[in-house]
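Residue numbers (the working numbering): 12 to 1284.
Note that beta-carbon positions come from the ideal geometry of N, C-alpha and C, so glycine has one too.
In what follows, a structure is listed as structure tokens, so that the remarks can point back to it.
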Amino acid sequence: MSVSELSVGCRFADYFAICGLDFDSGLEPDRLCGDNLHISPLDRSYKGKILAHYPDNIHSNPFDEHAVCMLCLPAGLQFRTQKHSLEPKFHSFVVTRENASRYYGFSLIFYEEVRNRNICSAMHTLQAMYITELSSGQTPPGHRKSSGKESSRSLPRSFKLAPHTGAALTYYDITKDKLYVAKSIALICQYPYVRVAQLFLENLFRSLPRQPGPGLSPESYVYNLLYEVPVPLPGQSLRLYVPPSEPHLVPIPVVIRMPNPPDELPLLDYPLRVMFSTIGVECVVQLFTCVLLEHQVLLRSSDYNKLMLVSECIVSLLLPFSWAHVYVPILPAPLYHFLDAPVPFVMGLHADSAAISIGPSGPRNFALGSEAALCLVDIDKPDIQLPEELPILPHRTPFIEELNHVLDKHQIQRPETEHARLGVPINGTTYKHMNDGMSSSCTLPSGGLRRKHSFHDVLEWDENRPLNASPPGSPGAPASPTRRGPRRLDALQRIVDIVKRTGVNIDDVDSDTVMPATKKKTLNDEEQYNEDIRFNIAIRETFLNRFVHMFLMYENFVIMPDQDRDSWLSSRESMVNFDKASFLSDQPQRHRPFLSRFLETQMFATLIDNKIMANWGEYDINLQVFEHRIKVVRTNSLKRIKNAKWQVKDCPPEMLLGDIGRRLSTEVTPAAIAQNNRTFVEKLLKECKSKTKRMLVEKMGTEESDLGLGCEVSVTGVEENTMIASLCDLLERLWSHGLQHKMGKSALWMHLTNYQELEQCSNSTKPIDPNYLTPALAWCVLRKRLDYLSSVGAEVEAQQSSSSSSRSRDSSRGGSRDSSRDRLSNSGTLERKSNQPPNPMRPLPESLTFDMRNVQAMTDIKTEIGYARAWVRLSLEKKLLSKHLRELLADTTLLRSQYKRTAFLRCEEEREQFLYHLLTLNAVDYHCFTNTYPTTKLPYRVLIVPSRKASQTTANCWLSISGANGESTPKIPIPRNTNEFVFHHKNLGILSTLRIGHDNSGLSPRWLLDQIFVRNEVTGHTYTFPCNRWLGTGVDDGSTERLVVAARIRGERSPRTPALSTLAPALSPTTTHLSTSTIQHMIGDCVNAIVKWHYQSKREKDANSLSVLLCGENGLVKCLEQAFLCGFKSARLFGKNLFIWDYFARVKDEFKMSLCDETNSQTNKSCGVAYNCRQDQEHRAIWRCYCHLMDEINSVGRTLGKDGKFQLFICLSLREHWLHRMLVPMSLTRVTAEMYEEQSFLRKRGLLTFLRQILEPLDEFDIVLENSLTQGI
């Protein structure tokens, strides 16, 4: 192809450049590399220049002389002598333009002998000046300290300052040594064809200097590559020629190919094999996680090419996302200030860089402002330092197993550090039993003698092989378990058992006879390159497959704009384009920490922007590849048929001569259509039945698994959130079947909104909006209007015909209504003032539209799919899903206007079965709405029920509520003269505790509270907080602030008729004391409940349930209070009765006196026993802890009463594992003998032993308390 025929924009290479020393300028120190006068002249960096570049300039890619020179020689111009290694080194680099586009460069650095006497003399002079300054001590101390042994190495041997043999490496003797200077030849290209560029530059260097001969000149190869070699078109290959390794040989043909998206992945010519074999699978996954979350990533290596290779490989694995921040894989010395940038970046730093400061922790202290968000990877060690609080990548463990399987298949070596850390043998085989002696012996380095693998190894290898690993050649294979794997393992295990029963030792059986090992043969360069390309495809498809399954339904949550392209571009920064809250609601709970942070990254926002821009015809290649894989997964086109049997059968001639047109023109009969539709409807109904059954079994099976039953259910590990998301998908498919016209992403939400509009338009006072309603809906509205008007006319006629009789009936019933109202107000348990309604907390409406309005008020939901799923979750939590859908489908006129006759929703029998299946979900409790939308602002209604005595207070009251979502409200002021109010707050979750108090102001601040009710006005969950205590000083225990624990009101009861008899009364010091056996039984039950709670699965745990077990009405604190009250001499002849806290305070005083008199021998006698030295030390430590805890409680609990302080003491001592250790020292004090009877728990030996031993098992658990319980201690 001639120069005129080849377009400039499609050349393989744009420039060929030569960088090196300009002899006319001489030795110029590179000032941008910093002050380097403290090191030897041979180790300093000098300024290099572009000596030549061809062609002069290209309009589409102007030549950047400064950037190319800086990256071709990233360490600056270096000098060497013949004592150094002079091997040429290749590296690639990338340059990012101002418009964020990139082009690639490839540089080969070699060393050329300096024959210029002026340069040699200048180097010799600099060497003499450096030695003089060093010997006279003029070098700054900081420089001497930082340079260390480099300073002494540059001295001549006569100075005797360097004992090692390499001391004279950096010393240049002009009379003996040859001086060499670095030089670079480079290619500048638009596409990173690394192998071709490296082969071209290395062989071009070998052919220099050109000797006369029959071969082509180096200039011919350069000219051919610059002007005659184009970039192949997508999906095509091109063969080009590069110089041979020897000048007398023929040119080497090399084939390059341009991938054709979306069927193929974009170009990646860097071998992923090198990255995995250098830093290992786990390090790659951790680095990949940091890049996904856009942390600052800093790579460190002594090889520039490894920095570029790891950077390009890890960024290529982000497909379909792309890195949009600072990207400098090779950071030249003049750009070290980039490390201070407060933005995400991926940078590569040379291991010998001056940016590394030597400190007490070694050379890993980089000149960075903050390392909290930094991911530091040492490629050479290898080692990785992760940022703080890094979330775990979803499905991380099976993902690593899948990658290991791909590496095993391609026989890729791992780094030895990963083998030692993971217990994986170097040959790649993963062993299951790491403690087995034979298996552990396989972790020896390769190359030594290895034992012969036994039949055990074959079995273990099969057991650890991931079943969901997609084959490397299949793009986007779904990660679903195969069917043959478990059967094969079971059969293999049965064979092993049979062989063992026969007495044969299977350890002597060679595994090669069962599974012959394929030894990796030596590959030449061409074969290794092709194998690397195949491995790249397999690994990239594995990573892409993770994204495909992670964001399979992402399109449903994209908010498409309703404006033109220019308007959207002008306001894109302020617009929300993705419904993050709804998307996260479908994700498992354990994946949300990662996904919630990933959805906020720039790379995810860019993908969504590209999706929106595709509506105007601007398609991104990565997005096309991604959506093509999603389409493949959805259509299940990756299913493989293995061992398919087929045979060839000759076609008879009469069939070939038959009437083909007549056969093809046969139409499908209506009966066949009906049968197909019937089959589809039955399939949907069967799927609905299986999903609801699975949800019930999974939900109900958790209780069985806690008791040791139902193990098969718990093995699945499918989260509740995932199953509910699957149910939402099923409902969408049901409502999409047989639609007349689809008008939105969510068919269910469109049906709901149409129903809501019809309900609003059925009221005659609201006009019909012709712009909103379709003709079918307008007809439905008209029918409803006619029905409404006819019903109103009938009511008027009926009233006129029976006016006289109604008057008589009204007069006779008036008194009865008044009397019934009086009885209701007199007998109501929540008696209020006479001017307030008798039922202040009316039941919430159970209508479909009421729940719709609550969902529509959620500001963090932006899409129809999100609204529909929030409505389903809310209805399911309120146990109204079946009822709401029955109400929705009861409007047959609307149903017929929107759906065809063959639709599932119009099949009455199947529809009824479907509703009954949904009705079975009411048997279990779901909190799928409460736990899914933690940022939604919800209304809460509070009803305070004071006692009849002291029902009013003059003090300023407040309350604060805490929930399972970790949120606590600030102090909410209680309005005066009313005991019922509503406040709005971010979703608290399941309520756990409530703290109520006042400032004790006014004439009569004392307030006797019966209980408090709190109701979530959206979900309808109602909680009662029993109190039955006083608030105020000088009464009860003197508390002006109380903590009460929530108790959920179950069933259909409302707070206006509570079954208060079922609620255990609050225990107080005046409560009748129980027997010791009863107290022992109560404490045992509480401890068992807490132990069982800690052994529950994480998805069943929540902190608020632990608060109930500790501080509830029958919790451990109340039971221990009864234990301490047993035998307690609380009554006094004069003055108020004593509380347990009074006893605790006196014990603290005695402990303090004992600690102050440590040297007195009478201290031990005052506690009633003589200790040995070790017991004395243990008891003194307990005394100090006890006194410290009491002081902390007294300092923060000034508003707490004595019972509140006791509760706080018990909770904190349990958390710190001190309680059971404090009982014996407390029992040995004089105070105990004075304030307790002989038959008390603290004085009777058997009861004290029981109390200490029953609390001891709690020492094994890490008890985490809510902030509302600890008062900040």
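Rounded separation between residue i and residue j - CA only
i, j, result
"L859", "E584", "36 Å"
"I544", "K317", "18 Å"
"P1080", "F1217", "With a pLDDT of only 42 at P1080, under the threshold of 50, the placement of this residue in the model should not be trusted; the figure read from the coordinates follows. Distance between the alpha carbons of P1080 and F1217: 12 Å."
"N415", "D394", "19 Å"
"L949", "G1031", "11 Å"
"V253", "S96", "27 Å"
"S1251", "V1235", "13 Å"
"S1279", "V1056", "10 Å"
"N621", "T107", "21 Å"
"T1281", "L1223", "7 Å"
"L418", "Q89", "39 Å"
"R268", "Y234", "21 Å"
"R1241", "L401", "54 Å"
"N271", "P277", "8 Å"
"A28", "R55", "24 Å"
"L38", "V569", "59 Å"
"R407", "I1274", "28 Å"
"K890", "F915", "23 Å"
"I1023", "P1037", "7 Å"
"P66", "D41", "27 Å"
"M571", "L283", "37 Å"
"V308", "H348", "15 Å"
"S1165", "G1215", "27 Å"
"L1276", "V935", "28 Å"
"W746", "V692", "12 Å"
"L1266", "W1152", "20 Å"
Range of the contiguous beta strand (DSSP E) that encloses residue i
i, result
"S103", "K100 to T107"
"W969", "C968 to G974"
"A139", "Counting along the chain, A139 falls outside any beta strand (DSSP E), though it belongs to the alpha helix (DSSP H) covering R128 to S147."
"K948", "K948 to P957"
"M358", "F356 to H361"
The alpha helix (DSSP H) enclosing residue i, as first and last residue numbers
i, result
"N1027", "Segment W1018 to N1027 is the beta strand (DSSP E) holding N1027; no alpha helix (DSSP H) there."
"Q247", "No alpha helix (DSSP H) holds Q247; DSSP gives it neither H nor E."
"V321", "Y315 to S327"
"I1151", "I1151 to C1167"
"C772", "A758 to C772"
"E293", "V292 to L303"
Member of the options whose CA lies at the smallest distance from the CA of residue i
i, options, result
"L769", "A868, T904 and M319", "T904"
"S112", "W334, M852 and L618", "W334"
"I1007", "S971, E709 and S313", "S971"
"L1288", "D314, P258, L606 and D389", "In the structure as shown, the chain begins at 12 and stops at 1284. Residue 1288 is therefore absent and cannot be evaluated."
"E552", "A592, T612 and L328", "L328"
"R1256", "P1268, I1265, F1272 and S1238", "S1238"
"C642", "N127, D274 and E698", "Contrary to the premise, residue 642 reads as Lys rather than Cys in this sequence. The shortest C-alpha separation from K642 is found at D274."
"L215", "F299, V285 and P229", "P229"
"L198", "V192, L190 and V207", "V207"
Within-8 Å CB hit, residue i to chain B
i, result
"L606", "In the structure shown, chain B does not exist; there is a single protein chain."
Whole-Å CB distance - residue i paired with residue j, under 8 Å assumed
i, j, result
"D597", "R880", "7 Å"
"P909", "H762", "Checking the sequence, you will find Gln at residue 909 rather than Pro. 7 Å between Cβ atoms; contact."
"D25", "C200", "6 Å"
"L137", "P85", "The Cβ separation is near 23 Å, so there is no contact."
"H421", "F546", "5 Å"
If you pair each beta-carbon of the stretch 1225 to 1245 with each one of the stretch 1187 to 1201, do three or more pairs fall below 8 Å? yes
Segment contact flag, the stretch 553 to 565 with the stretch 860 to 871, C-beta cutoff 8 Å, min 3 pairs: no
Touching by the beta-carbon criterion (3+ pairs, under 8 Å), the stretch 1042 to 1059 and the stretch 981 to 994: no
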